[in-house]
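J.:
2 protein chains.
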Amino acid sequence: VSNETFINGVWAATLTPLDNDLGIDTERLIRHAFWLLDSGVHGIGLFGTTGEAVSFSVDERVKALDALLTAGIRQDQLLVGAGCCALTDSIALAKHAVDAGCFNVLMLPPFYYKDMSDEGLAASFGEVIDRVNDPLMNVYLYHFPRLSGVPITAGLLDIVSQRYKGVVAGVKDSGGDYTNTQMMIERYPDLHIFPGSERFLHQAMIEGGAGCITATANANPRGIRDVWDAWERADADDAAARQTRATEIRSIVEKYPLVTGQKHLVAAHRKDPGWTRVRPPMTSISTTDGDALAAELQAADFSLTG
Amino acid sequence: VSNETFINGVWAATLTPLDNDLGIDTERLIRHAFWLLDSGVHGIGLFGTTGEAVSFSVDERVKALDALLTAGIRQDQLLVGAGCCALTDSIALAKHAVDAGCFNVLMLPPFYYKDMSDEGLAASFGEVIDRVNDPLMNVYLYHFPRLSGVPITAGLLDIVSQRYKGVVAGVKDSGGDYTNTQMMIERYPDLHIFPGSERFLHQAMIEGGAGCITATANANPRGIRDVWDAWERADADDAAARQTRATEIRSIVEKYPLVTGQKHLVAAHRKDPGWTRVRPPMTSISTTDGDALAAELQAADFSLTG
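Chains as they are written, first to last, in our numbering: chain E, 11 to 316; chain Y, 11 to 316.
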């Protein structure tokens, strides 16, 4: 069963702001989500790596999603991270998202046990799909081997893209190796392939990708959207120029830790020091490093706006 | 604050049997726990790597622990795995264990984010300790870098063994490198250091270790306990002979996947095929491999007894 709720475009893997008890601060999260959308992203990846997803319990994640929806973020503007180590947690998160009308879910593989077989990983995704049991669900597999230690391989995709046709909808490729993204775009024409960095956005769109889902849209939502818009109106020169600029900003931001560096930028932009909080095992960026990041961006004539 | 509830001796990292819906089968688990204790282990590590811990939700783990206690397993016979990626999950599991009188908890570090600072990891353990807030809790840190990707380093231990003196109680070292175990035994005389394999049991006891916490006690509880008993009565020759035999059996069992291979052995021993079930991403061992493991053990004159 296929459906037409697939996502594409520029998606921000949102940061997750915290309150002073290290819980999720839904008020700050709601404001940031609207700011991201107002600044041009097509949608928001809630609870990916940048969102410290795995550091929060199922209950915390459910409440944060509900708060965003209650505040008026639309279901089709959200890609909900749902992949955990515990199969039952993944099922609970995916089911809650889908029941709430958020049909697009991003699934890390279970990432503690290493060197599991393709069939074992396929069975893990399969149990989630079977137990959520809603043909409207679109599952995007999350390839981030540096952190997960469990790659989404072609062997695995060959199985699940056939076995769960129309439900397994795409891949977020945060491997950082664009040749792997290219391979996926070519080999799986029915899947929606998103590089995990705007660095590859224009090239991926030319070659058949679906957009990008990126951490650094927390700092540069407008600049990344500009690449997309130029590509969409088939202005190759402008798209290339916009891509060069977006990549320049990305290159600065990613010299620093993506989560804590960008939390520092948002805190400064909103004059809200509480925004810098992270949940352990992360630690906030030092003031020195945070200021250095801000200074590098200023030197490049860049600032968060709006 | 120190206390005298620290564990030592031979501890089995128990398998977790499943029902036909892939839930935890508490009846099978209770029977297995009593069999392990009757067969000589001093205690049971509930929800370690061998117990597929991370594959279960907090609720599932809480219910399984409660079932064991209700069935009559004593609190001081349990080491409860409580370390998750989500800080709130770790707190919930540790608090439940301690509130139930199980003061010994085994903590994986949060294992998704890699290359976190010692202070970040220390803060993670610290939040659990502060929020459980019971001086009777003993925290054993779980070093298993091959799977977690997050080692328990000397730098981290230097911090937490001082900052949480008497609460941070020891380490399970499943790194497989005995020189690291030796380093910990020497450097932290106040900590209880357990190699994660009986292969190093006798040597560790001679050098000041606390015992072992081992997966393969699911197959060979008696043989490993025999090493301990010979060491305890200071019969060095007998201890060495028992160690050689225990190591021989270990070497056979660890040629095969430790979880699925041993589930196969228990299933055969109890004539209970349902015992072979595992939760994805694991897959049950093939009949061929399982039978080969059984045949190798038989050729070595070994069988599960009792």
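Glycine residues also receive a C-beta, built at the ideal position from the N, C-alpha and C atoms.
If contacts are defined as beta-carbon pairs under 8 Å, then Val237 of chain Y and Leu201 of chain Y qualify, I think. What distance do you get, rounded to the angstrom?
T.: On the second sequence, residue 237 of chain Y is found 227 positions in, with the first residue counted as 1. On the second sequence, residue 201 of chain Y is found 191 positions in, with the first residue counted as 1. Between Leu201 of chain Y and Val237 of chain Y the Cβ distance is about 22 Å, and since that is not below 8 Å, they are no contact.
J.: Compute the distance between the beta-carbons of Ala92 of chain E and Val64 of chain E, then report whether it is under 8 Å.
T.: Residue numbering aside, residue 92 of chain E sits at position 82 when the first sequence is read from its first letter. Residue numbering aside, residue 64 of chain E sits at position 54 when the first sequence is read from its first letter. Taking 8 Å as the Cβ cut-off, Ala92 of chain E and Val64 of chain E do not qualify as a contacting pair.
J.: Please say whether Leu56 of chain Y and Leu75 of chain Y have beta carbons closer to each other than 8 Å?
T.: What you label residue 75 of chain Y is simply residue 65 of the second sequence in a count that begins at 1. What you label residue 56 of chain Y is simply residue 46 of the second sequence in a count that begins at 1. Contact: yes.
J.: Just the chain Y side, please: which residues come within less than 7 Å of Ser127 of chain E by C-beta, in chain order?
T.: Taking the first sequence and counting its residues from 1, the one referred to as residue 127 of chain E is at position 117. Those within 7 Å of Ser127 of chain E in chain Y are Thr293.
J.: For the beta strand (DSSP E) that contains Asn114 of chain E, what are its first and last residues?
T.: Taking the first sequence and counting its residues from 1, the one referred to as residue 114 of chain E is at position 104. Element bounds for Asn114 of chain E: 114-117.
J.: According to the neighbour-count rule (16 or more other Cβ atoms, all chains shown, within 10 Å of its Cβ), is Arg243 of chain Y buried or exposed?
T.: Within the second sequence, numbered from 1, the residue matching residue 243 of chain Y stands at position 233. With fewer than 16 other Cβ atoms within 10 Å, it is exposed.
J.: Going by other Cβ atoms of all chains shown within 10 Å of its Cβ, with 16 needed for buried, is Lys273 of chain Y buried or exposed?
T.: Looking up residue 273 of chain Y in the second sequence gives position 263. Lys273 of chain Y is buried by the Cβ-count criterion.
J.: Got a sec: is the Cβ-Cβ distance from Ala133 of chain Y to anything in chain E below 8 Å?
T.: By 1-based counting over the second sequence, the position of residue 133 of chain Y is 123. Yes, contact with chain E.
J.: Under 8 Å between C-beta atoms, does Pro27 of chain E make it to chain C?
T.: Protein chains in the displayed structure are E and Y, and chain C is not among them.
J.: Tell me, please, whether the region 263-282 of chain E touches the region 219-231 of chain E by the rule of three or more beta-carbon pairs shorter than 8 Å.
T.: Yes: the two stretches touch, three or more of their Cβ pairs being nearer than 8 Å.
J.: Within 10 Å of its beta-carbon, does Asn30 of chain Y have 16 or more other beta-carbons around it, so buried, or fewer, so exposed?
T.: Numbered from 1 along the second sequence, position 20 holds the residue referred to as residue 30 of chain Y. Classification for Asn30 of chain Y: exposed.
J.: Verify the CB distance criterion: does Pro290 of chain Y have a CB-CB separation below 8 Å to chain E?
T.: By one-based count along the second sequence, residue 290 of chain Y stands at place 280. Yes, Pro290 of chain Y lies at the interface with chain E (some Cβ there is under 8 Å from its Cβ).
J.: Report the neighbours of Ala96 of chain E on chain Y: residues whose CB is nearer than 7 Å to its CB, in chain order.
T.: Looking up residue 96 of chain E in the first sequence gives position 86. Within chain Y, the residues near Ala96 of chain E are Val64, Ser65, Phe66, Ser67.
J.: In this structure, how does DSSP classify Pro205 of chain Y when only helix, strand and coil are distinguished?
T.: As a first step, residue 205 of chain Y is located in the second sequence; it is residue number 195 there, counting from the start. Pro205 of chain Y: strand per DSSP, three-state reduction.
J.: Report the residue from E:Ile17, E:Trp21, E:Phe16 whose alpha carbon sits nearest the alpha carbon of Arg235 of chain E.
T.: Locating residue 235 of chain E in the first sequence gives position 225, where the first residue counts as 1. For Arg235 of chain E, the nearest C-alpha among the options comes from E:Trp21.
J.: Considering only residues of the region 57-124 of chain Y, which uninterrupted alpha helix (DSSP H) runs meet the minimum length of 4 residues and lie entirely inside it, listed in chain order?
T.: Runs found: 68-80, 97-109.
J.: Any chance you could list the beta strand (DSSP E) runs of at least 3 consecutive residues sitting entirely within the region 116-187 of chain E, in chain order?
T.: Complete beta strand (DSSP E) runs here, min 3: 148-153, 178-183.
J.: From which residue to which residue does the alpha helix (DSSP H) around Trp45 of chain E run?
T.: Residue numbering aside, residue 45 of chain E sits at position 35 when the first sequence is read from its first letter. Its alpha helix (DSSP H) spans residues 36-48.
J.: Taking only the alpha-carbon atoms, compute the straight-line gap between Gly111 of chain E and Phe16 of chain E and give it to the nearest angstrom.
T.: Working through the first sequence from its first residue, we reach residue 111 of chain E at position 101. Working through the first sequence from its first residue, we reach residue 16 of chain E at position 6. Going by the C-alpha atoms only, they are around 13 Å apart.
J.: List, in order along the chain, the chain Y residues whose C-beta lies closer than 8 Å to that of Glu208 of chain E?
T.: Position 198 of the first sequence, counted from the first residue, corresponds to residue 208 of chain E. Those within 8 Å of Glu208 of chain E in chain Y number zero; the least Cβ separation is about 22 Å.
J.: Can you pull the chain E neighbours of Leu56 of chain Y, defined as C-beta to C-beta under 9 Å?
T.: As a working note, residue 56 of chain Y is residue 46 in the second sequence. Going along chain E, no residue has its Cβ under 9 Å from Leu56 of chain Y, so there is no contact; the nearest lies around 15 Å.
J.: Between Pro120 of chain E and Ala246 of chain Y, what straight-line distance do the alpha-carbon atoms span, to the nearest angstrom?
T.: Numbered from 1 along the first sequence, position 110 holds the residue referred to as residue 120 of chain E. Numbered from 1 along the second sequence, position 236 holds the residue referred to as residue 246 of chain Y. Distance between the alpha carbons of Pro120 of chain E and Ala246 of chain Y is about 45 Å.
J.: Taking DSSP as the reference, what is the three-state secondary structure of Ile322 of chain Y?
T.: No answer is possible for residue 322 of chain Y: it lies beyond the span of chain Y, which begins at 11 and ends at 316.
J.: Suppose you measure from the CA of Lys68 of chain Y to the CA of Leu47 of chain E; what does that come to, to the nearest Å?
T.: One-based indexing of the second sequence puts residue 68 of chain Y at position 58. One-based indexing of the first sequence puts residue 47 of chain E at position 37. It is worth fixing the name first, because residue 68 of chain Y is Val in this sequence and not Lys. Taking the straight line joining both Cα atoms gives about 35 Å.
J.: So if I threshold CB-CB distances at 9 Å, which residues from the region 156-176 of chain E count as touching chain Y?
T.: Here the close residues are Arg156, Leu157, Ser158, Gly159, Val160.
J.: Helix, strand or coil, according to DSSP, for Val263 of chain Y in the structure here?
T.: Taking the first residue of the second sequence as 1, we reach residue 263 of chain Y at position 253. The answer is helix: DSSP assigns Val263 of chain Y an H, G or I state.
J.: List, in order along the chain, the chain E residues whose C-beta lies closer than 7 Å to that of Glu70 of chain Y?
T.: Counting from one through the second sequence, the residue named residue 70 of chain Y turns up at place 60. Under the 7 Å cutoff, chain E gives Thr98.
J.: Let me see if you follow: with CB-CB separation under 8 Å, is Lys273 of chain E close to chain Y or not?
T.: Position 263 of the first sequence holds residue 273 of chain E. Answer no: the Cβ-Cβ gap between Lys273 of chain E and chain Y never drops below 8 Å.
J.: Excluding the 5 residues preceding and the 5 following Gly218 of chain E in the sequence, name in chain order all residues of the same chain whose CB lies nearer than 6 Å to its CB.
T.: Here the question's residue 218 of chain E lines up with position 208 in the first sequence. Ile195, listed in sequence order.
J.: Within its chain, find whatever has a CB closer than 6 Å to the CB of Ile139 of chain E; leave out the 5 residues flanking it on each side and keep chain order.
T.: Taking the first sequence and counting its residues from 1, one reaches residue 139 of chain E at position 129. Within the same chain, Ile139 of chain E has close Cβ partners Tyr174, Val177.
J.: Report yes or no: is there a C-beta of chain Y within less than 8 Å of the C-beta of Pro120 of chain E?
T.: For the purposes of this step, residue 120 of chain E is identified with residue 110 of the first sequence, where counting begins at 1. Yes, contact with chain Y.
J.: Distance, Cα to Cα, Ile203 of chain E vs Val181 of chain Y?
T.: Position 193 of the first sequence holds residue 203 of chain E. Position 171 of the second sequence holds residue 181 of chain Y. If I take the Cα positions, the gap works out to 43 Å.
J.: Note down the Cα distance separating Met215 of chain E from Trp241 of chain E, rounded to an integer number of angstroms.
T.: As a working mapping, residue 215 of chain E is identified with position 205 in the first sequence. As a working mapping, residue 241 of chain E is identified with position 231 in the first sequence. The straight-line gap from Cα to Cα measures roughly 8 Å.
J.: Is the beta carbon of Ala179 of chain Y closer than 8 Å to that of Asn148 of chain Y?
T.: For the purposes of this step, residue 148 of chain Y is taken as residue 138 along the second sequence, with counting starting at 1. For the purposes of this step, residue 179 of chain Y is taken as residue 169 along the second sequence, with counting starting at 1. Yes. Within cutoff.
J.: Give a yes or no on whether the minimum CB-CB distance between Glu137 of chain E and chain Y is below 8 Å.
T.: Within the first sequence, the letter at position 127 stands for residue 137 of chain E. So, interface residue.
J.: Which residue marks the beginning of the alpha helix (DSSP H) containing Gly221 of chain E, and which one marks its end?
T.: Looking up residue 221 of chain E in the first sequence gives position 211. Looking at the DSSP string, Gly221 of chain E is not in any alpha helix (DSSP H); the run it does join, the beta strand (DSSP E), is 221-224.
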